[in-house]
Structures are given as C-alpha cells and as structure tokens.
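Visitor: Pasting a structure below so you can have a look.
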Amino acid sequence: MNNPLAVKLGSIQLKNPIMPASGCFGFGQEFAQLYDLKQLGAVVVKAVTLRPIWGNPTPRVAETPGGMLNAIGLQNPGLDVVCREKLPWLAEQDVPIIVNIAGETVADYVAVAETVSRQTGVIALELNISCPNVQKGGMAFGTSPETAAELTRAVKAVSSVPVFVKLSPNVTDIVEIAQAVEAAGADGLSLINTLLGLAIDLRKRRPILANVTGGLSGPAIKPVALRMIHQVYRAVALPIIGMGGISSAEDVLEFMLAGASAVAVGTANFVDPLIMPRIINQLPGLLAELGVNSISELIGALEV
Amino acid sequence: MNKYLGTILNSARLTSNVFKLVVSVPELTENVTPGQFCQIRIATELSHDPLLRRPISVADYDPTRQKLTFIIRESGRGTKFLARLVPGQQIDLFGPLGTGFPVHRLVKGDRALLIAGGIGAPPLYYLARQLHANGVECATILGFRSHSESFLIDEFSQFGPVRVVTDDGTLGSCGNVCTEITAWTSEGLDWTHGFACGPLPMLQALQAQLAGDGRPVWVSLEKRMACGLGACAACTCRPANPNSTASGPRLVCKDGPVFLLGEVELGE
Numbered sequence: 180m181n182n183p184l185a186v187k188l189g190s191i192q193l194k195n196p197i198m199p200a201s202g203c204f205g206f207g208q209e210f211a212q213l214y215d216l217k218q219l220g221a222v223v224v225k226a227v228t229l230r231p232i233w234g235n236p237t238p239r240v241a242e243t244p245g246g247m248l249n250a251i252g253l254q255n256p257g258l259d260v261v262c263r264e265k266l267p268w269l270a271e272q273d274v275p276i277i278v279n280i281a282g283e284t285v286a287d288y289v290a291v292a293e294t295v296s297r298q299t300g301v302i303a304l305e306l307n308i309s310c311p312n313v314q315k316g317g318m319a320f321g322t323s324p325e326t327a328a329e330l331t332r333a334v335k336a337v338s339s340v341p342v343f344v345k346l347s348p349n350v351t352d353i354v355e356i357a358q359a360v361e362a363a364g365a366d367g368l369s370l371i372n373t374l375l376g377l378a379i380d381l382r383k384r385r386p387i388l389a390n391v392t393g394g395l396s397g398p399a400i401k402p403v404a405l406r407m408i409h410q411v412y413r414a415v416a417l418p419i420i421g422m423g424g425i426s427s428a429e430d431v432l433e434f435m436l437a438g439a440s441a442v443a444v445g446t447a448n449f450v451d452p453l454i455m456p457r458i459i460n461q462l463p464g465l466l467a468e469l470g471v472n473s474i475s476e477l478i479g480a481l482e483v
Numbered sequence: 123m124n125k126y127l128g129t130i131l132n133s134a135r136l137t138s139n140v141f142k143l144v145v146s147v148p149e150l151t152e153n154v155t156p157g158q159f160c161q162i163r164i165a166t167e168l169s170h171d172p173l174l175r176r177p178i179s180v181a182d183y184d185p186t187r188q189k190l191t192f193i194i195r196e197s198g199r200g201t202k203f204l205a206r207l208v209p210g211q212q213i214d215l216f217g218p219l220g221t222g223f224p225v226h227r228l229v230k231g232d233r234a235l236l237i238a239g240g241i242g243a244p245p246l247y248y249l250a251r252q253l254h255a256n257g258v259e260c261a262t263i264l265g266f267r268s269h270s271e272s273f274l275i276d277e278f279s280q281f282g283p284v285r286v287v288t289d290d291g292t293l294g295s296c297g298n299v300c301t302e303i304t305a306w307t308s309e310g311l312d313w314t315h316g317f318a319c320g321p322l323p324m325l326q327a328l329q330a331q332l333a334g335d336g337r338p339v340w341v342s343l344e345k346r347m348a349c350g351l352g353a354c355a356a357c358t359c360r361p362a363n364p365n366s367t368a369s370g371p372r373l374v375c376k377d378g379p380v381f382l383l384g385e386v387e388l389g390e
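So the sequence lines, in the order shown, correspond to chains Z and E. According to this note's numbering, the first sequence is numbered sequentially starting from 180. According to this note's numbering, the second sequence is numbered sequentially starting from 123.
So this is what it looks like as structure tokens:
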C-alpha cells in the first residue's frame with residue numbers, strides 16, 4: 180500500500196513531510212530521550228558555523244501574544260564538533276539530516292557547506308540567510324537579491340547535496356529574493372524565518388531581550404508565513420519547506436495547500452515536546468476525513 | 123523526564139501572591155531530585171496564549187502517593203493562570219527536568235546551611251526534607267521583604283533551627299540573608315555544605331561574602347527559557363573559569379538549575 184504521507188522535495192523522497200525547524204531541536208539528542216527520531220520525515224539541525232559561537236547575552240527569549248521572540252545568536256559548537264560528534268550520532272538514528280548553515284562571510288558558508296554536505300546521513304543543506312539576531316552575516320545575506328544569489332551560487336558550487344535557501348520575511352518583496360536564488364541554482368526554499376520584533380518591560384523601561392530585538396515565532400506569525408508561501412509558490416518552481424507557527428495537523432495541511440511540499444515545526448516543540456510524532460499520527464486520519472488519498476495532492480492546491 | 127497528566131488536589135494561598143499547588147501525577151514513577159523542575163503547560167488546545175510552559179521548581183514530592191507540590195509566586199500571565207486552577211482540574215507537566223542538588227554528597231553528621239530568599243525557599247524545602255531524612259543537620263535562613271510575604275517558616279522548623287530575616291524588620295531580624303549569616307556565625311553557626319536559592323542580587327552578594335570560604339555552596343539559578351530540555355539554548359550562562367574543562371556554554375535548564383557557587387557567572 181502506498182504511504183499517504185510520502186512527499187518529494189525535488190529529488191529528495193521523505194516518508195512524511197514533518198521535520199523540526201532549525202534552532203528548535205538542537206542536534207536532536209534532547210528530543211531523542213522522548214521519542215524515536217526515526218518517525219520524523221527529516222531532522223533539521225541548529226545552524227552550524229565554521230567556528231563555535233557563544234551567541235547573545237541573556238535574556239534571549241521573551242513570550243509575546245501567541246508567540247515568542249528569540250535572540251539566541253546562532254550559539255553552536257562549530258563545524259568540527261558538529262562533524263565529529265553531533266552528525267555521526269544523528270546519522271545512527273536512521274533519520275535523514277538537513278544541516279542549516281550560517282556564516283559571516285561567503286567563504287565561511289562555503290567552507291561549512293563543503294564539509295557538512297559530505298557527512299553521512301546529510302541529505303540537504305539549508306542555507307541560513309535570514310537569522311535576524313547576528314551583527315554580521317545572517318539576514319544581511321537574505322535581504323538583497325544580488326547578495327542572496329551570489330551566496331547561493333557559491334554554496335551550490337561546493338555542496339554535494341541539494342541546497343535549500345531559508346528566506347527572511349523581513350523584506351519588502353520575498354518573491355524577488357526567491358526568484359533570485361532560484362536563478363542562482365537553489366534546489367529549494369525554506370520559508371519563513373522569524374519576523375524581527377521587540378518586547379518591552381514597561382516597569383524597567385527596557386527591552387526584555389538583552390539583544391534589544393529578536394525573531395518572532397509561534398502561532399502569531401502563521402498567517403504571514405502562509406501568505407508568503409502562497410506568493411512564492413506561484414512565482415517559482417522550487418519545492419518549498421514551509422514553517423511559521425505550525426502547531427497542529429490542520430496547520431500542516433494549510434501550509435501544504437499554500438504551496439509547501441514539506442513543513443517544519445518550530446516553537447510548538449517547546450509547548451508540546453511530543454508534538455511532531457503526534458501530528459504524524461494524526462495526519463492519516465485527517466486526510467481520510469478530508470477525502471484525500473495522498474498528502475502530496477494538497478501541495479499548492481489552494482483554490483483562489 | 124516525560125510528559126504527564128496531573129490532577130490538582132489542592133490549591134492554597136500562602137501569602138497574598140504566593141500559592142501552593144498539590145498535584146496528583148499517578149503515572150510519575152521516576153525519581154525527582156530536589157532542585158529539579160517541571161515545565162507546566164499554560165496553553166490549551168483552545169488557546170495559544172500565553173504560549174510557553176512555565177518552569178516551576180518542585181517544592182515537594184511524595185513518591186508513594188505520586189504527589190507533586192509546587193509553590194509559585196503570582197507574577198505574570200502564566201503564573202496567574204496557574205493561580206486560578208482549582209481541585210479536579212488537569213494540568214500537563216513535563217519533567218522532572220534539570221540537574222538538582224547533590225543530596226547524596228552529604229552524609230549523616232554533615233551540617234547543611236540552607237539560605238533562601240523569598241520564592242527561592244520552595245526547592246530548598248524539598249531538599250531540607252531529604253537531607254533531614256538522611257541524618258544531615260539543617261540550619262535555615264529565610265529572607266523575606268516583610269512579615270506579610272513570609273511563608274514556609276514552620277515547615278522548615280521541622281528539620282532544624284530557622285532564622286528569619288526581613289528587609290523591613292517586621293519579622294525576625296532586620297537585614298538580609300548575608301547579614302544573618304554573619305550574625306549567626308558570630309553566635310556559633312557551623313556548617314559544612316551550603317545551599318541557596320533566591321533573587322540574583324542575593325546570590326551575587328552571597329558569592330562575594332563567601333569568596334574564598336572553601337566550603338561548597340550550591341545555588342539554584344533562574345533564567346528565561348523556552349524548551350527546558352537543553353535544545354533551544356535560551357538559558358545559557360558562562361562558566362566562571364573559561365579555562366576549565368567544561369568551558370562551553372552551560373544551560374540552566376539541563377546543566378543546572380543547580381550549580382556550584384563559582385562554577386558559572388551570575389548575571390542576567
């Protein structure tokens with residue numbers, strides 16, 4: 180019998196469309212104490228940079244209406260430790276790995292991409308050009324079509340696996356960026372990263388986050404994500420991993436209708452650490468209820 | 123750790139803004155170490171707001187009846203939600219999480235000094251109960267802003283002598299936990315291991331006062347966190363000695379919340 184949850188992301192076959200959003204799942208070890216990661220369509224790991232990064236001062240998170248701000252600042256142990264310890268462990272869990280990569284310069288991204296794309300179990304890279312919480316690199320690469328395209332070309336030239344470019348919503352026209360990275364050879368897109376926001380402690384007259392601003396995630400951003408995926412799906416031919424506030428099986432199908440071929444669950448992992456297996460278990464029943472035989476029929480099937 | 127469904131057995135006010143929740147968690151069979159915490163879910167199936175769980179330290183645990191006690195200060199939207207829970211209502215608990223106090227480092231005959239400031243007292247209560255059961259002598263200093271904000275004094279008194287100190291002198295002596303340590307020490311207080319939980323300025327003052335003391339002191343820290351599991355890296359703190367072997371970032375939720383005083387930098 181055909182698996183009703185199977186999807187294709189370009190050349191990549193996934194047994195289901197559910198994966199964690201980068202930064203919300205570490206390198207998988209913590210959640211593996213709660214469930215078998217093999218159940219997931221893939222695991223997207225926390226952003227990896229050439230050298231270890233401490234990240235921003237704390238407080239790094241603040242709750243906001245229906246969501247949260249974070250300004251972690253890409254804290255990670257660096258390429259060497261990730262390749263020596265984190266990825267080999269994850270590969271043993273028998274789950275496809277997508278590595279989110281970040282850097283301050285094009286050369287940084289290229290060096291990380293060249294190495295991590297050749298690690299066992301890695302099926303794709305997610306090019307992070309949309310982190311709003313670092314001084315250099317991050318979102319700076321994702322707000323101009325030319326810069327985004329140049330970086331995409333450079334990473335594509337060295338990567339041995341497909342490259343998904345994770346787009347920032349903090350732009351005037353996300354379609355323009357999507358088209359630029361498509362023309363530069365990207366194999367797919369991830370959208371959206373967090374929306375830049377500010378939370379204030381009234382009594383202290385200070386921002387809650389030490390970094391002043393942070394990235395907004397959670398259910399609060401879901402309509403923005405759906406709108407952007409819809410716009411981009413209509414304008415480019417690349418497969419899309421959709422994310423932004425997904426908290427239920429229903430949300431997953433809405434993202435797929437808007438044009439996502441797979442989805443990433445982020446902040447909801449903090450609310451319910453078992454949410455991804457729960458969604459995967461609920462999807463077949465929901466599809467049956469909707470009279471849908473295969474989840475991939477829904478991709479881009481929004482009627483407007 | 124795991125996700126558990128609990129039923130509220132009792133909710134009671136201890137002061138105008140501190141309340142106690144006793145929760146029955148029939149499926150909880152794992153060990154709960156003093157200093158560990160649970161992430162209590164606030165969001166419901168019907169509402170995404172407030173969204174995040176609240177990390178609350180365990181104030182007591184009865185393993186034979188699977189009863190967890192939390193003592194919580196009502197301070198924001200999440201804790202206000204918890205304050206409104208009534209007996210019979212169900213809550214979703216994720217825990218026990220984190221690294222607690224090293225209860226078994228102490229043996230019969232050791233003398234523990236417990237130092238609590240305000241809402242820092244609850245995790246030390248569960249600690250005191252276990253230490254006392256293990257034959258460890260417990261002396262406790264409880265600091266509060268004022269008489270009206272004091273709680274748990276009688277409960278700590280079951281385990282040994284208690285000194286209360288208030289900012290305004292309305293109960294016990296007037297001062298803070300540091301002045302009380304000095305005063306009690308001059309009257310012969312003798313301890314081998316220290317344990318502290320309280321507001322950051324209190325912990326910083328303790329660190330300054332006890333610098334070079336040599337006796338181990340463990341402190342329980344608090345930091346804004348999201349996952350509670352060690353995955354999101356929100357609650358990072360820096361090791362005080364960057365050259366130590368574990369010089370990477372330390373996480374309050376996983377490596378802590380209990381640290382040896384001096385192990386990590388005490389800051390926001």
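For each residue, glycine too, the CB sits at the ideal point set by N, CA and C.
Measuring alpha carbon to alpha carbon, tell me which of Z:Ala443, Z:Glu242, Z:Pro418, Z:Val285 ends up nearest Arg332 (chain Z).
Guide: Z:Val285
Visitor: Throw me the rounded Cβ distance for the Pro172 (chain E) and Met347 (chain E) pair, which I believe falls under 8 Å.
Guide: Rounded, the Cβ-Cβ distance is 14 Å, inconsistent with contact.
Visitor: Which same chain residues, not among the five before or five after Phe434 (chain Z), have their C-beta less than 7 Å away from its C-beta?
Guide: Contacts found: Leu405, Ile408, Gly421, Ile425, Val442.
Visitor: Is Glu390 (chain E) close to chain Z, meaning its C-beta is less than 8 Å from at least one C-beta of that chain?
Guide: Glu390 (chain E) counts as touching chain Z.
Visitor: May I ask you to verify whether the stretch 179 to 189 of chain E touches the stretch 135 to 150 of chain E, counting CB pairs closer than 8 Å and requiring at least 3?
Guide: When C-beta atoms of the stretch 179 to 189 of chain E are compared with those of the stretch 135 to 150 of chain E, three or more pairs fall below 8 Å, so the two segments count as touching.
Visitor: Can you tell me which of the three DSSP states Val140 (chain E) falls into?
Guide: strand
Visitor: So, is the C-beta of Leu174 (chain E) closer than 8 Å to a C-beta in chain Z?
Guide: yes
Visitor: Listing by chain order, which chain E residues have their CB less than 7 Å from the CB of Phe204 (chain Z)?
Guide: Ala353
Visitor: Going by other Cβ atoms of all chains shown within 10 Å of its Cβ, with 16 needed for buried, is Leu219 (chain Z) buried or exposed?
Guide: buried
Visitor: Along the chain, where does the alpha helix (DSSP H) containing Ser347 (chain Z) start, and where does it finish?
Guide: Where Ser347 (chain Z) is concerned, there is no enclosing alpha helix (DSSP H), given that its DSSP letter is neither H nor E.
Visitor: Using a Cβ cut-off of 8 Å (strictly closer), state whether Cys349 (chain E) contacts chain Z.
Guide: Yes, Cys349 (chain E) counts as interfacial toward chain Z.
Visitor: Could you give the residue range of the beta strand (DSSP E) that holds Phe317 (chain E)?
Guide: 315 to 319
Visitor: For Pro267 (chain Z) versus Thr299 (chain Z), is the C-beta spacing smaller than 8 Å?
Guide: yes
Visitor: Please report the distance separating the alpha-carbon of Gly282 (chain E) from that of Gly239 (chain E).
Guide: 18 Å
Visitor: Roughly how many angstroms separate the alpha carbons of Ile387 (chain Z) and Asn124 (chain E), rounded to a whole number?
Guide: 30 Å
Visitor: Just to confirm before moving on: does the CB-CB distance between Phe278 (chain E) and Val140 (chain E) stay below 8 Å?
Guide: no
Visitor: I need the boundaries of the alpha helix (DSSP H) containing Met407 (chain Z), first residue and last residue.
Guide: 401 to 414
Visitor: Decide if Arg372 (chain E) is buried, meaning its Cβ has at least 16 other Cβ atoms within 10 Å, or exposed.
Guide: Residue environment for Arg372 (chain E): buried (at least 16 other C-beta atoms within 10 angstroms of its C-beta).
Visitor: Which residues mark the beginning and the end of the alpha helix (DSSP H) in which Trp306 (chain E) is found?
Guide: 299 to 308
Visitor: Let me know the secondary structure DSSP gives Lys335 (chain Z) once reduced to three states.
Guide: Assigned with DSSP and collapsed to three states, Lys335 (chain Z) falls in helix.
Visitor: Opposite Ala303 (chain Z) in the DSSP bridges: which residues?
Guide: Z:Ile277
Visitor: Taking the beta carbon of Lys345 (chain Z) as the centre, do at least 16 other beta carbons fall within 10 Å, making it buried, or is it exposed?
Guide: Buried is the call here.
Visitor: Taking 8 Å as the CB-CB limit, is Cys357 (chain E) close to chain Z?
Guide: yes
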